[in-house]
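Visitor:
Numbering (the working numbering), first residue to last: 92 to 263.
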């Protein structure tokens, strides 16, 4: 009887554990925005290309070189607790170091707690909106960085979005 109780207990425990792994959503329920710790390439692509689609723009491809340059900027902003495009290293220097040779544009943000909030801020700024929705760009990378726990910070979380494409698109 004791071994049956242990098996039953193990089976019930495993069932309870596995039930937490699947999420069923009722029709019309909108999932919560991805927080910085929950970002994946798929969620980033979905967020960026979703807003582009809603604005009649073609999707962008994800580019790991642009992500590396964006990560360098997000980390630099977090380490200096300063929101800026140029903290001693220009955008061109960062993308070249990451191996990217095309035309680029950059959006940075600070303080937003989710990618959706960062995108919303960019959409509300004409220059950032133009970068985010430009049809001249064909690919992008995005990164976020947070100031370490326990450290006072002006913004806490920093975002960098770098869009890229051919120089030819800009010659018109």
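No residue lacks a Cβ here, since even glycine has one placed at the ideal position from N, Cα and C. Keep in mind that this is a model prediction, so the values were computed, not measured.
Can you list, in chain order, the residues of its chain with a C-beta nearer than 8 Å to that of residue 175? Leave out the 5 residues immediately preceding and following it.
Guide: Locating residue 175 in the chain shown gives position 84, counting from the first residue. Closer than 8 Å at Cβ, skipping near neighbours: 168 and 199.
Visitor: Considering only the alpha carbon of each residue, which of 134, 151 and 132 lies closest to residue 225?
Guide: Looking up residue 225 in the chain shown gives position 134. Taking only the C-alpha atoms, the option nearest residue 225 is 151.
Visitor: What residue range is occupied by the uninterrupted beta strand (DSSP E) comprising residue 190?
Guide: As a first step, residue 190 is located in the chain shown; it is residue number 99 there, counting from the start. Residue 190 -> no beta strand (DSSP E), and no H or E assigned at all.
Visitor: To the nearest angstrom, how far is it from the Cα of residue 261 to the Cα of residue 171?
Guide: By one-based count along the chain shown, residue 261 stands at place 170. By one-based count along the chain shown, residue 171 stands at place 80. Distance between the alpha carbons of residue 261 and residue 171 is about 33 Å.
Visitor: In whole angstroms, give me the CA-to-CA distance for residue 240 and residue 248.
Guide: Within the chain shown, the letter at position 149 stands for residue 240. Within the chain shown, the letter at position 157 stands for residue 248. Residue 240 and residue 248: Cα-Cα distance of roughly 11 Å.
Visitor: Quick check on the DSSP output: the alpha helix (DSSP H) that includes residue 222 runs from which residue to which?
Guide: Here residue 222 is taken as the residue at index 131 of the chain shown, counted from 1. Unbroken alpha helix (DSSP H) run through residue 222: 217–224.
Visitor: Quick test of your reading: residue 231 and residue 154, contact by CB under 8 Å. State the CB separation rounded to the nearest angstrom.
Guide: Looking up residue 231 in the chain shown gives position 140. Looking up residue 154 in the chain shown gives position 63. Yes, residue 231 and residue 154 are in contact; Cβ-Cβ is about 6 Å, under 8 Å.
Visitor: Quick one: give me the first and last residue of the beta strand (DSSP E) that residue 254 is part of.
Guide: One-based indexing of the chain shown puts residue 254 at position 163. Segment 248–256, the beta strand (DSSP E) holding residue 254.
Visitor: Please state whether DSSP places residue 170 in a helix, a strand or coil.
Guide: Counting from one through the chain shown, the residue named residue 170 turns up at place 79. Correct three-state label for residue 170: helix.
Visitor: Identify which residue in 243, 140, 132 and 130 has its Cα closest to the Cα of residue 229.
Guide: For this step, residue 229 is matched to residue 138 along the chain shown. Among 243, 140, 132 and 130, the Cα nearest to that of residue 229 belongs to 140.
Visitor: Among residues of its own chain, excluding the 5 on either side of residue 219, which ones have a beta-carbon nearer than 6 Å to its beta-carbon?
Guide: Against the chain shown, residue 219 aligns to sequence position 128. Contacts found: 198 and 213.
Visitor: Measuring straight from C-alpha to C-alpha, what distance separates residue 156 and residue 188?
Guide: Within the chain shown, the letter at position 65 stands for residue 156. Within the chain shown, the letter at position 97 stands for residue 188. Distance between the alpha carbons of residue 156 and residue 188 is about 9 Å.
Visitor: Taking the alpha-carbon positions, what's the residue 254 to residue 222 distance?
Guide: Walking along the chain shown from the start, residue 254 turns up at place 163. Walking along the chain shown from the start, residue 222 turns up at place 131. Taking the straight line joining both Cα atoms gives about 7 Å.
Visitor: Do residue 160 and residue 206 come within 8 Å of each other at the CB atom, strictly closer than that value?
Guide: On the chain shown, residue 206 is found 115 positions in, with the first residue counted as 1. On the chain shown, residue 160 is found 69 positions in, with the first residue counted as 1. No.
Visitor: Around the C-beta of residue 233, are 16 or more other C-beta atoms found within 10 angstroms, so that it is buried, or is it exposed?
Guide: As a working note, residue 233 is residue 142 in the chain shown. Buried, since its Cβ has 16 or more Cβ neighbours within 10 Å.
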